[in-house]
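For reference, the structure is listed below as structure tokens.
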Amino acid sequence: MNSKRRVFLKGTLAAGTVGVAVGAGLLTPSTVLASAREGFEAGSVSDALKSVMGSDSHDSGDITISAPELAENGAVVPITVESSLTGVTDIAILAAANNNPLTSSYKLGEGTKAYVATRIKMGDSSDIVAVLKANGQLYSSSREVKVTIGGCGG
Amino acid sequence: MNLSRREFLQVLAAAGAAGFSLPASARLGAAGKNPSDPYELPARGNVSILHFTDCHGQLLPVYFREPHINLGVAEMKGRPPHLVGKALLERYGIDHPGLLSHAYTYLDYVKLAEHYGRVGGFAHLATLVKKVRDQRPGALLLDGGDTWGGGSGTGLWTHAQDMVDAQLKLGVDIMTGHWEFTFGADRVREIVENDFAGHIEFLAQNVVDVDWGDRIFKPYTIREMNGVNVAVIGQSFPYTPIANPRHMVAEWSFGIRHGEMQDTVNNARADGAEVVILLSHNGMDVDIKLAQVVDGIDAIMGGHTHDAVPAPLEIKGPEGGTCLVTNGGSNGKFLGVLDLDFRDGRIRDYQYRLLPVFANLIEPDPDMARYIEQVRDQEVTYDGQTFNMKDALSEELAVSEDLLYRRGNFNGTFDQLICDALMEQVDAQIAFSPGFRWGTTVLPGMPITFEHVMDQTGLTYPAVTRNEMSGAMIKEILEDVADNLYNKDPFYQQGGDMVRVGGLQYSIDPTRSIGERIGDMELNGKPIAPNESYVVAGWASVQEQPAGNTGRKIWDVVADYLRDHETVSISELNEPKLRGVEGNPGVSSV
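Protein chains in written order, with the UniProt record's numbering: chain A, 1 to 154; chain B, 1 to 590.
What follows is the structure in structure tokens.
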């Protein structure tokens with residue numbers, strides 16, 4: 001089995017809420033993937049945000065990022081983003097140190113709870129940045145995840 | 001000179017006549033006078049927890065030297081456990097020289113080790129557990145993990161069965177784990193579901209299925225003790241799949257998971273728990289931060305970092321409650337005893353002792369002693385060879401002219417020996433040896449046995465590797481490990497010591513950030529060039545197929561080196577040049 005496909009499947013399966021949202025027709029993956037192509041190819045956080053959010057100007061907001069402090073496997077780092085903000089239409093998750101920082105972006109239908117869980121790929125230790133668009137404004141939060149060489153513990 | 005039990009009792013009698021007595025309270029600072037009888041400890045209160053941790057498969061008494069470098073940075077500077085030698089004794093008001101100063105520090109180590117003798121051993125621990133338990137009906141015995149290894153030949157060759165049966169005999173009630181997982185997920189499951197069933201609960205709130213997030217183990221248990229409902233939560237070592245081979249627990253994910261920890265505490269309280277104890281393998285700095293961010297834990301019985309801390313730290317929680325944070329040392333050297341006086345809905349008072357287990361002062365439990373003798377004196381087949389374990393372990397390989405030890409932030413003398421062996425045996429310019437905190441001590445003049453070598457190297461991924469690495473890569477490795485040790489946020493620390501090095505010399509400033517700590521890298525007086533290639537030997541790779549695998553195992557490399565040399569001396573200890581730590585009480589020169 002193609003490992004990327006397996007990783008993708010793992011990601012979608014784990015992202016329970018998003019899976020449900022897709023099933024209910026709240027999200028349309030084809031649209032998401034097509035429109036975000038440029039964003040995924042962008043080489044900086046700023047360019048990626050301009051592409052998928054229309055702007056890179058954001059304020060810190062009430063967003064919780066759940067992630068391991070140290071990644072067990074850089075190829076599949078579990079990340080959960082949630083927020084109590086209302087009117088959230090877009091969520092983007094970026095690994096600032098990746099060559100292409102945008103790891104995933106989501107469009108949320110009206111009334112959807114701002115909660116996504118996914119697995120991302122990280123090449124190196126990085127700040128994980130979550131950016132939400134709510135009522136046209138961008139909000140962000142970040143959290144460090146370390147990718148270490150491993151060994152030598154205890 | 002060796003002090004026999006009878007002589008010791010005579011000394012005690014004299015001390016008693018001179019007016020020594022047990023301190024009235026175990027509050028900070030009062031724990032440290034050398035007691036008239038270290039094992040006479042009347043119970044206080046109605047809830048008692050006995051705790052040992054990180055015994056690393058040491059069934060027999062051993063020597064174990066505490067570190068002279070255990071640096072804390074940022075808020076951890078000078079805070080327990082980051083105190084060594086005199087600074088530690090001053091903090092706890094412990095006299096030197098004495099039984100307790102020898103137990104908790106490296107000061108005058110050889111002289112006092114010869115005087116007081118070996119520490120630990122399950123037969124001696126068993127006697128002590130019985131004695132302490134007799135005074136505490138209903139007390140629970142908690143095992144913090146790193147019981148099955150690493151650092152034990154018999155553990156490796158019996159797939160931990162030696163320790164599993166010893167735990168059952170000792171009467172362990174609850175355990176959590178770390179090195180246990182290096183025997184593989186299947187073996188852990190097998191023991192938990194069969195040997196332990198109905199006897200020992202293996203708890204971990206922070207081990208989940210890697211895909212679905214379901215818990216693998218029960219997160220907590222509630223036991224009634226003298227009418228008080230006591231919850232014990234388990235926390236396994238959060239970075240097991242990073243510090244140790246991930247492929248051994250490929251389907252399990254770990255992590256600190258402090259949010260889930262709060263949920264677990266809340267669930268236990270909702271379940272009727274009046275006292276909440278965390279049995280933790282986080283390491284002490286992580287435990288302190290956890291106590292600051294999670295509400296409702298009354299005490300943490302901690303391990304992993306092998307810190308012998310004489311008294312608990314009282315840590316304020318997010319809602320203003322107090323959590324007692326302890327750490328119980330290693331290698332079977334200590335038994336922690338926590339008594340809580342729980343009345344009218346809250347803890348009124350507590351008493352804590354970290355009792356050193358001196359083998360000369362405690363009669364061995366005959367049943368356990370017989371078991372240990374029998375389990376060691378048996379034939380096993382390992383790696384295609386069949387042999388008697390006791391015979392193999394007792395082989396005298398060489399004589400040590402110097403004290404050999406490992407524990408400390410940087411190279412110990414035994415690490416130096418391992419690095420020398422690696423460089424000579426596999427023809428490398430540089431050697432790396434992992435900064436494990438286990439491994440026993442050998443006194444000068446003692447024969448180095450194969451058992452000592454297994455104490456230092458026994459694990460389930462022993463491949464010796466030989467690779468070419470660029471100077472830049474070597475720097476990256478040192479920086480990476482240093483950041484695991486000295487990250488200013490304890491949640492990013494893995495709890496081992498710095499990687500040990502042979503050949504290479506460097507300087508380190510623990511107070512700086514990743515990429516900026518390591519400097520002055522040299523080999524034979526010449527600066528290490530980033531683009532130049534160097535031959536590096538190592539062992540204990542966490543890769544499933546280690547790059548540059550020589551096909552040899554680390555204990556064979558060290559044993560062959562010792563057989564070749566007959567006597568060894570460590571003329572110069574390759575410690576890095578330390579910067580930025582002037583006045584830090586976590587370092588002392590010897």
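Every residue gets a Cβ at the ideal spot worked out from N, C-alpha and C, and that includes glycine. Keep in mind the model is a prediction, meaning the values are calculated, not measured.
Distance check for R517 (chain B) and E40 (chain B), CA to CA, integer angstroms please. As a first step, residue 40 (chain B) must be located in the second sequence, where it is residue number 40. As a first step, residue 517 (chain B) must be located in the second sequence, where it is residue number 517. Rounded to whole angstroms, the separation of the alpha carbons of R517 (chain B) and E40 (chain B) is 47 angstroms.
Could you tell me whether the Cβ atoms of H304 (chain B) and H178 (chain B) are closer together than 8 angstroms? Here residue 304 (chain B) refers to the residue found at position 304 of the second sequence. Here residue 178 (chain B) refers to the residue found at position 178 of the second sequence. Against a cut-off of 8 angstroms, the Cβ pair of H178 (chain B) and H304 (chain B) comes out as a contact.
Could you work out which residues of chain A lie near G502 (chain B), taking near to mean beta carbons separated by less than 7 angstroms? Along the second sequence, one-based indexing puts residue 502 (chain B) at 502. Within 7 angstroms Cβ-Cβ: nothing; G502 (chain B) doesn't reach chain A, min ~15 angstroms.
Tell me which same chain residues have a C-beta within less than 8 angstroms of the C-beta of A482 (chain B), skipping the five on either side of it? One-based indexing of the second sequence puts residue 482 (chain B) at position 482. So the list reads M498, I508, P510, I514, R517 and I518, once near-sequence residues are dropped.
Who are the near neighbours of G412 (chain B) in its chain, counting only those whose CB is closer than 7 angstroms to its CB and skipping five residues on each side? Within the second sequence, residue 412 (chain B) is the residue found at index 412, counting from 1. If we look at G412 (chain B) and ignore the five residues flanking it on each side, its Cβ neighbours are Y405 and R406.
Tell me the DSSP secondary structure of S417 (chain B) in three-state form. Position 417 of the second sequence holds residue 417 (chain B). Looking at the sequence provided, one finds Leu at residue 417 (chain B) rather than Ser. Taken through DSSP and simplified to helix, strand or coil, L417 (chain B) comes out as helix.
Short check: CB of A308 (chain B) to CB of C323 (chain B), under 8 angstroms? Residue mapping note: residue 308 (chain B) aligns to position 308 of the second sequence, counting from 1. Residue mapping note: residue 323 (chain B) aligns to position 323 of the second sequence, counting from 1. With a cutoff of 8 angstroms on beta-carbon distance, A308 (chain B) and C323 (chain B) are scored as not near each other.
Could you tell me which of B:S588, B:D95 and B:G302 sits nearest to L278 (chain B), measuring between CA atoms? In the second sequence, the residue the question calls residue 278 (chain B) occupies position 278. Residue B:G302 is the option with its Cα nearest to L278 (chain B).
Quick one: measure Cβ to Cβ for A337 (chain B) and V132 (chain B), integer angstroms, because I've assumed they're closer than 8 angstroms. Within the second sequence, numbered from 1, the residue matching residue 337 (chain B) stands at position 337. Within the second sequence, numbered from 1, the residue matching residue 132 (chain B) stands at position 132. Correcting the residue identity first, residue 337 (chain B) is Val in this sequence and not Ala. V337 (chain B) to V132 (chain B), Cβ: 6 angstroms. Contact.
Which residues in the same chain have their Cβ closer than 6 angstroms to the Cβ of T53 (chain B), if we skip the five residues on either side of it in sequence? The count along the second sequence starts at 1 and reaches residue 53 (chain B) at position 53. A distance below 6 angstroms between beta-carbons, with the five flanking residues on each side excluded, links T53 (chain B) to the following residues of its chain, in chain order: G144, G303 and G328.
Whole-number beta carbon distance between P68 (chain A) and V145 (chain A), since they are thought to touch under 8 angstroms: For the purposes of this step, residue 145 (chain A) is taken as residue 145 along the first sequence, with counting starting at 1. For the purposes of this step, residue 68 (chain A) is taken as residue 68 along the first sequence, with counting starting at 1. For a cut-off of 8 angstroms, the C-beta gap from V145 (chain A) to P68 (chain A) is around 6 angstroms, short enough to register as a contact.
DSSP state of Y461 (chain B) mapped onto helix, strand, coil: Taking the second sequence and counting its residues from 1, the one referred to as residue 461 (chain B) is at position 461. Collapsing the DSSP output to three states places Y461 (chain B) in coil.
Since E365 (chain B) and P490 (chain B) are thought to touch, with beta carbons under 8 angstroms apart, how far apart are those beta carbons, to the nearest angstrom? The residue you call residue 365 (chain B) lines up with position 365 of the second sequence. The residue you call residue 490 (chain B) lines up with position 490 of the second sequence. The residue you asked about is not Glu; residue 365 (chain B) is Asp in the sequence shown. The pair is not a contact, with the Cβ atoms about 38 angstroms apart (cut-off 8 angstroms).
Going by the CB atoms, is the gap between G78 (chain B) and N409 (chain B) shorter than 8 angstroms? Along the second sequence, read from residue 1 onward, the residue named residue 409 (chain B) stands at position 409. Along the second sequence, read from residue 1 onward, the residue named residue 78 (chain B) stands at position 78. Taking a C-beta distance under 8 angstroms as the contact criterion, N409 (chain B) and G78 (chain B) do not qualify as a contact pair.
Between the region 462 to 471 of chain B and the region 531 to 541 of chain B, do three or more beta carbon pairs fall short of 8 angstroms? Taking a cut-off of 8 angstroms for Cβ pairs, the region 462 to 471 of chain B and the region 531 to 541 of chain B touch, as three or more such pairs fall below it.
For I498 (chain B), the three-state DSSP class (helix, strand or coil): Reading the second sequence from its first residue, position 498 is the one you call residue 498 (chain B). For the record, residue 498 (chain B) in the displayed sequence is Met; it is not Ile. DSSP places M498 (chain B) in coil when its eight states are reduced to three.
Contact set between K146 (chain A) and chain B, taken where Cβ atoms lie within less than 7 angstroms: What you label residue 146 (chain A) is simply residue 146 of the first sequence in a count that begins at 1. Using a Cβ-Cβ cut-off of 7 angstroms, K146 (chain A) is close to Y492 of chain B, given in chain order.
I'd like the span of the beta strand (DSSP E) that includes N549 (chain B), first residue to last. As a first step, residue 549 (chain B) is located in the second sequence; it is residue number 549 there, counting from the start. First-last of the beta strand (DSSP E) with N549 (chain B): N549 to K553.
Contacts that R246 (chain B) makes with chain A (C-beta to C-beta distance below 7 angstroms): For the purposes of this step, residue 246 (chain B) is taken as the residue at position 246 of the second sequence. Near R246 (chain B) (Cβ distances below 7 angstroms), the residues of chain A are E72 and N73.
Can you tell which of A:S140, A:G151 and A:E82 has its C-alpha closest to the C-alpha of S46 (chain A)? Residue 46 (chain A) sits at position 46 when you count from the first residue of the first sequence. Of the candidates A:S140, A:G151 and A:E82, the residue whose Cα lies closest to the Cα of S46 (chain A) is A:S140.
Compare the C-beta of H484 (chain B) against all C-beta atoms of chain A and say whether one is closer than 8 angstroms. On the second sequence, residue 484 (chain B) is found 484 positions in, with the first residue counted as 1. In the sequence on display, residue 484 (chain B) carries Asn and not His. Interface residue, yes.
Using 10 angstroms around the beta-carbon of E575 (chain B), count the other beta-carbons present and answer buried if the total reaches 16, otherwise exposed. Looking up residue 575 (chain B) in the second sequence gives position 575. Classification for E575 (chain B): buried.
Name the chain A residues that come within less than 7 angstroms of I518 (chain B), Cβ to Cβ? Walking along the second sequence from the start, residue 518 (chain B) turns up at place 518. Neighbours of I518 (chain B) on chain A: none; closest Cβ ~14 angstroms, over 7 angstroms.
If you measure beta-carbon to beta-carbon, which residues of the region 253 to 273 of chain B are closer than 8 angstroms to chain A? Listed by position, the residues of the region 253 to 273 of chain B near chain A (Cβ gap below 8 angstroms) are S253, F254, G255, I256 and G259.
So, using beta-carbon positions, are S51 (chain A) and T64 (chain A) closer together than 8 angstroms? Here residue 51 (chain A) refers to the residue found at position 51 of the first sequence. Here residue 64 (chain A) refers to the residue found at position 64 of the first sequence. Taking 8 angstroms as the Cβ cut-off, S51 (chain A) and T64 (chain A) do not qualify as a contacting pair.
Which of the three DSSP states, helix, strand or coil, is assigned to S46 (chain A)? In the first sequence, the residue the question calls residue 46 (chain A) occupies position 46. DSSP places S46 (chain A) in helix when its eight states are reduced to three.
So, V293 (chain B) versus P312 (chain B), is the Cβ gap smaller than 8 angstroms? Counting from 1 along the second sequence, the entry for residue 293 (chain B) is found at position 293. Counting from 1 along the second sequence, the entry for residue 312 (chain B) is found at position 312. Cβ distance not < 8 angstroms, so V293 (chain B) and P312 (chain B) don't count as in contact.
Is Y116 (chain B) closer than 8 angstroms to F358 (chain B) when the C-beta atoms are compared? For the purposes of this step, residue 358 (chain B) is taken as residue 358 along the second sequence, with counting starting at 1. For the purposes of this step, residue 116 (chain B) is taken as residue 116 along the second sequence, with counting starting at 1. Yes, the Cβ-Cβ distance between F358 (chain B) and Y116 (chain B) is below 8 angstroms.
For the region 80 to 113 of chain A, which residues have a beta carbon sitting closer than 9 angstroms to at least one beta carbon of chain B? So nothing in the stretch comes that close.
Quick check: what's the CA-CA separation for G109 (chain A) versus D62 (chain A)? Within the first sequence, residue 109 (chain A) is the residue found at index 109, counting from 1. Within the first sequence, residue 62 (chain A) is the residue found at index 62, counting from 1. So the alpha carbons of these two residues sit roughly 20 angstroms apart.
Given a threshold of 16 other Cβ atoms within 10 Å of its Cβ, counted over all protein chains shown, does R346 (chain B) qualify as buried or as exposed? As a position in the second sequence, residue 346 (chain B) is number 346, starting the count at 1. Label assigned to R346 (chain B): exposed.
Chain B partners of I65 (chain A), CB-CB under 9 angstroms? As a working mapping, residue 65 (chain A) is identified with position 65 in the first sequence. What I65 (chain A) touches in chain B: nothing, since even the nearest Cβ is about 12 angstroms away.
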